[in-house]
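Enquirer:
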Amino acid sequence: MARPPPLGELPPGYTPPAQPAAPQILVGSLKAPLWLRAYFQSLLFSLGCGIQRHCGKVLFLGLLAFGALALGLRVAIIETDLEQLWVEVGSRVSQELHYTKEKLGEEAAYTSQMLIQTPRQEGENVLTPEALGLHLQAALTASKVQVSLYGKSWDLNKICYKSGVPLIENGMIERMIEKLFPCVILTPLDCFWEGAKLQGGSAYLPGRPDIQWTNLDPEQLLEELGPFASLEGFRELLDKAQVGQAYVGRPCLHPDDLHCPPSAPNRHSRQPPNVAQELSGGCHGFSHKFMHWQEELLLGGMARDSQGQLLRSTLSLQLAQEALPGNASQQIHAFSSTTLDDILHAFSEVSAARVVGGYLLMLAYACVTMLRWDCARSQGAVGLAGVLLVALAVASGLGLCALLGIAFNAATTQVLPFLALGIGVDDIFLLAHAFTEAPPGTPLQERTGECLQRTGTSVTLTSVNNMVAFFMAALVPIPALRAFSLQAAIVVGCNFAAVMLVFPAVLSLDLHRRHCQRLDVLCCFSSPCSARVIQILPQELEDRTVPVGIAHLTATVQAFAHCETNSQHVVTILPPQAHLVPPPSDPLGSELFSPGGSTRDLLGQEEGTRQKAACKSLPCARWNLAHFARYHFAPLLLQSHTKAMVLVLFGALLGLSLYGATLVQDGLALTDVVPRGTKEHAFLSAQLRYFSLYEVALVTQGGFDYAHSQRALFDLHQRFSSLKAVLPPPATQAPRTWLHYYRNWLQGIQAAFDQDWASGRITRHSYRNGSEDGALAYKLLIQTGDVQEPLDFSQLTTRKLVDKEGLIPPELFYLGLTVWVSSDPLGLAASQANFYPPPPEWLHDKYDTTGENLRIPAAQPLEFAQFPFLLHGLQKTADFVEAIEGARAACAEAGRAGVRAYPSGSPFLFWEQYLGLRHCFLLAVCILLVCTFLVCALLLLNPWTAGLIVLVLAMMTVELFGIMGFLGIKLSAIPVVILVASVGIGVEFTVHVALGFLTTQGSRNLRAARALEHTFAPVTDGAVSTLLGLLMLAGSNFDFIIRYFFVVLTVLTLLGLLHGLVLLPVLLSILGPPPEVVQLYKESPEVLSPPAPRGGGLRWGMSPTLPQSFARVTTSMTVALHPPPLPGAYIHPASDEPTWSPAAIPAASSSSNLSSRGLCPTTG
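The numbering used here numbers the first residue of the sequence shown as 6 and each following residue consecutively.
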């Protein structure tokens, strides 16, 4: 083989090629930002080259590690407890809830099971005997349901809440009462005799039929049993509770019923009752004093006439089941606490069909999108492998969350698999696109390194920002959303690891597949286009003047081969000899033909050369998104009038969004969570419309002296009762709190004592002739509270159980509490006090002769007690917030008086988050925008560009928030998480374009167009992949998933696409930072002043906005090699060609000279 000529034989004007690793240099002196980014990219380059060298090992170990983490899903825990999902850990509500459970136990609270009856036709009346008959039928069916659990049979009578069963000294009566004591059922049927049919239980007495509430007349029973037993205590108990005749003294809905008792008011008249009149003012249970059900508890949607009489309403029953004939004119809506649990369990289940369908759809899209007619450029198998790799990364991320103990919830199972898939596949598309667009002459063994070097910064930026966004969303103080945010951040981290470490190994294996000339996807078969010759034909140049702009140079090549002394490579230099042709028609004009063009530009030919090509590609085969962006989208977008229109339209969108933001309301009702069209949704809608009542309690804690704080407790109750949302008791009824009941009871027994003392039935030394209440007062009045001298009989006439100010003497407070709890169980049950520690049991014995019964054990100081209240009229979140703020203000005022108290109930449990939700949202978004700016400025090392990115992201967040207002989507913790995460997700659509603009040379328009050309396809593919991932959410059975996740995330994706590919390029073309790099030719005088042609007639026409040397060079040469063929070349079949090997791949050339490298031949 002939030795290459020495350098001295080269043309005089030839400049030696620059080193291939640095085709660009800095303007002026070296800048630290570019040096740091270059250093980071060099690390990525080394990583990619290392992965390519060991691609098989990396792929195996990566799959092994991710698969091991995915096994953690076996220990995943799905949380469905509402309190655990919605109550912030460590918050005051959480602390209050913990205090309540600590004092009362986990199962201390009872739940209401509810049934609502509404007419099928709007405006139809349900206050008729027939409608109440259907109401009774449904309630009876529910009350008779039996279930088997733990080897026992359970019915309503065994598990329902019953108010305090009194202790009676007569054993027979006590057993009878225990069997007959009814459940607490709030129903409009209690106004009628039929209400007794809902009370289960029966008792047997010799000589009488079975005693049930339908035939029980307590007054008559006492008269019959009086001669046989001492029932004075029982009689006084019934009189205090105002039981009377119980149900048999109430009217019958159907007086023709054979079982209607003779004592019913309408039994003999046979006239049906006036239901509306009977229900006016509410109803009573068997006790008129302690069981008064207000109208608001029983009736909803009430309409009254001019006199205030009821006309029509909706009925309520605190029980749940549905049992009506299908053709009934009324509707019964049933609900129970277990129904809500079932909904949450169903809501949290993973839909395997949707997950599989979503991933199959993504696989199909990735495969079809990355398939090419050109076998050497096709990447269908890479797309399939990338989607499967992301799926494995998502599973491994969720498995790692399970291993870390982060509980799953409905948001995790319903949304995260699809959201993570869409986000993860974005980077897959970016790397795949970059891998096919490797610079010409890149050595085979450096292809993966070059890919990571070019795209690793973008992938790192997007992934880091996504993780930061989700970690910042974890600031939302809701456990369910905090868990979702942490899981999303961890899954994004696993996706990042898979994309940066494992997917390059997949690309390296695909490169090996192309090297082996195998088909894409069907890699076992050889490629039909494995043997081709690339021929680039010259064009003849007519002797004419080149128009102003960019010139094409057709060169007759004279090759000089030279073996470099410091390497084993042959350098072939192809200096051009000038023949010029007119520039091609390009929509962007001269600005897109940069001197740093790729080999694709080098090999591009005009339409005139196609007649000399033996093979011509179809236009549809050549068209792609990059082609569309270069020749259609960018030229149109970067025109001046288009820019103005874009700015005006986005300004208008921002203005509308600011208005829409004022329409956003806070709240998340259960009707938004439950699937529409279900019975549960119908019930919740009816409840929200007709019965917006909530049982709450004002809890007083320990840590203060109840006995000396009675006035503060009364004041606290008064302040709480004055709140607008608190349902006031009837004017004829005393406040329903334990302190009032306790004080009234003491006043009652004091009055009985005063009567007995005045009549002489009670004296200083005897109380046996007095009444039961008088004897109880006697025992309390002589108490001193002193352990050494507990009794002082001289106090009988010198003290009162309640003083003139209505306060109980402190020394008697806990002694009297013991007596009241033991002697007035119905009053205690009605007060719902839930004392802790519970007062000791003490049984009053009027006939005790030992004196031991005079010693009353004092109750321990209270650590827990509560005042019950009913909140009504709470329709909107603003109503809840107002009620919560008022309740908290009342407790804070009491705290200043020394009383420690807090409100408790579902409104405070689930709506208190809205007190600071907007503040938390604004704080999280502001912190995240600052963090995004810092991350982008750190990795881009350009605060100017980072500022533009943050500006666009802030606009996206504001516009998404405003669109939520127009769509009627309320602000709750879930949209807040999406809004916060939108900042990180938006980085996916903006940072690639910004980085492409920053690292391109030329004018702002040129750089914006170049950035669009190279990022339009991957960004669009990423957006489509995200939409495909979200598409499966549209098939959810829960409207909540569709409205709050699918719609919001879809709008976010579309906004990101518009802002990333339309607004940001326009802003960059107007306000973008100056270029950091220029081509080497600017420092080369040989290129700046090209020699004039000897033949004359060559005149350079220069664009006024570009440097002189913006010339596009084409060469006439024939190269025989195996694929992958160079993009844009014309391909001819070859009958015989040399073998293609990695050693034959040309090295990277400089931007000012064309060179090719091969192994230096062995000589000698």
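Idealized CB from N, CA, C, for every residue including glycine.
I'd like to know if the stretch 445 to 462 and the stretch 353 to 371 are in contact, where contact means that at least 3 CB-CB pairs between them fall below 8 Å.
Expert: no
Enquirer: Nearest by alpha-carbon distance to L1073: which of R1048, Q706, R1012, E1018 is it?
Expert: R1012
Enquirer: State the Cα-Cα distance for the pair N220 and G231, rounded to the nearest angstrom.
Expert: Computed Cα separation, rounded: 19 Å.
Enquirer: Which one or two residues does DSSP pair with D671 in a beta bridge?
Expert: According to DSSP, D671 bridges with L976.
Enquirer: May I have the straight-line CA-CA distance separating A657 from G665, to the nearest angstrom?
Expert: 12 Å
Enquirer: Among T462, A407, M375, A425, which residue has its Cα nearest to the Cα of F2?
Expert: Because the chain is modelled from 6 through 1169, residue 2 falls outside the range shown and cannot be assessed.
Enquirer: Suppose the cutoff is 7 Å on Cβ atoms and the five residues either side in sequence are ignored; what does the same chain contact list for V94 look like?
Expert: So the qualifying residues of the chain are P484.
Enquirer: Exposed or buried, what is G385 when buried is set at 16 or more other beta-carbons lying within 10 Å of its beta-carbon?
Expert: buried
Enquirer: To the nearest angstrom, report how far apart L785 and L161 are at their CA atoms.
Expert: The alpha-carbon of L785 is positioned some 40 Å away from that of L161.
Enquirer: Is M650 buried or exposed, if buried means 16 or more other CB atoms sit within 10 Å of its CB?
Expert: exposed
Enquirer: Which residue comes first and which comes last in the alpha helix (DSSP H) that contains S158?
Expert: That residue, S158, is in no alpha helix (DSSP H); its beta strand (DSSP E) goes 157 to 159.
Enquirer: What are the residues that DSSP puts in a beta bridge with L154?
Expert: When beta bridges are read from the DSSP output, L154 appears opposite K157.
Enquirer: One question on the structure: do G1027 and L506 come within less than 7 Å of each other, judged by their Cβ atoms?
Expert: no
Enquirer: What's the gap between the Cα of I495 and the Cα of G402?
Expert: Taking the Cα positions, I495 is about 6 Å away from G402.
Enquirer: Find the nearest neighbour of E179 within the set R240, Q151, L1038, judged by alpha-carbon distance.
Expert: R240
Enquirer: Does the count of Cβ pairs from the stretch 262 to 278 and the stretch 194 to 201 closer than 8 Å reach three?
Expert: yes
Enquirer: Can you give, in chain order, each stretch of the alpha helix (DSSP H) that sits fully within the stretch 741 to 776 and has at least 4 residues?
Expert: 743 to 764
Enquirer: In the structure shown, what three-state DSSP assignment does R275 receive?
Expert: coil
Enquirer: In chain order, what residues of the same chain have a beta carbon less than 6 Å from the beta carbon of K294, not counting five sequence neighbours either side?
Expert: A246, Q247
Enquirer: Alpha carbon to alpha carbon, what distance is there between S468 and G61?
Expert: 25 Å
Enquirer: How about S1256 and V253: do their beta carbons lie closer than 7 Å?
Expert: The chain is shown from 6 up to 1169; residue 1256 falls before or after that span and cannot be answered.
Enquirer: In whole angstroms, what separates the C-alpha of R125 from that of Q336?
Expert: 6 Å
Enquirer: Report the three-state DSSP secondary structure of E451 (helix, strand or coil).
Expert: helix
Enquirer: Considering only DSSP beta bridges, list what E700 is partnered with.
Expert: L875
Enquirer: Compare the Cα-Cα distances from I1075 to each of A1014, A717, S836, H259 and report the closest residue.
Expert: Cα-wise, what sits closest to I1075 is A1014.
Enquirer: Compute the beta-carbon to beta-carbon distance between P992 and N471, rounded to the nearest angstrom, for a pair I have assumed lies under 8 Å.
Expert: Residue identity differs from the one stated: residue 992 is Val in this sequence, not Pro. Indeed, because the Cβ distance is near 7 Å, the residues count as touching under 8 Å.
Enquirer: So, at 6 Å on beta carbons, what are the nonlocal neighbours of A712 in its own chain, with the 5 sequence-adjacent residues on each side left out?
Expert: P815, F818
Enquirer: Measure the Cβ-Cβ separation of L408 and G206 and say whether it is below 7 Å.
Expert: no
Enquirer: Tell me where the alpha helix (DSSP H) around Y695 begins and ends.
Expert: 684 to 695
Enquirer: For W825, is the classification buried or exposed, using 16 other Cβ atoms within 10 angstroms of its Cβ as the cut-off for buried?
Expert: buried
Enquirer: In angstroms with no decimal places, state the Cα-to-Cα distance between G1001 and V669.
Expert: 37 Å
Enquirer: Could you check if P90 is buried or exposed, using at least 16 other CB atoms within 10 Å of its CB as the buried criterion?
Expert: According to the sequence provided, residue 90 is Leu. The question's Pro does not apply to it. Label assigned to L90: buried.
Enquirer: Report yes if the C-beta distance between T950 and A999 is below 7 Å; otherwise report no.
Expert: yes
Enquirer: Just to confirm the assignment: which complete alpha helix (DSSP H) runs, minimum length 4, are found wholly within the stretch 901 to 982?
Expert: Complete alpha helix (DSSP H) runs here, min 4: 911 to 915, 922 to 945, 948 to 972.
Enquirer: Please determine if the stretch 893 to 900 and the stretch 639 to 648 are in contact, where contact requires at least 3 C-beta pairs separated by less than 8 Å.
Expert: Put simply, the stretch 893 to 900 does not touch the stretch 639 to 648. Fewer than three CB pairs are less than 8 Å apart.
Enquirer: Hey, which unbroken runs of the alpha helix (DSSP H) at 4 residues or more fall wholly within the stretch 377 to 422?
Expert: 385 to 408, 415 to 419
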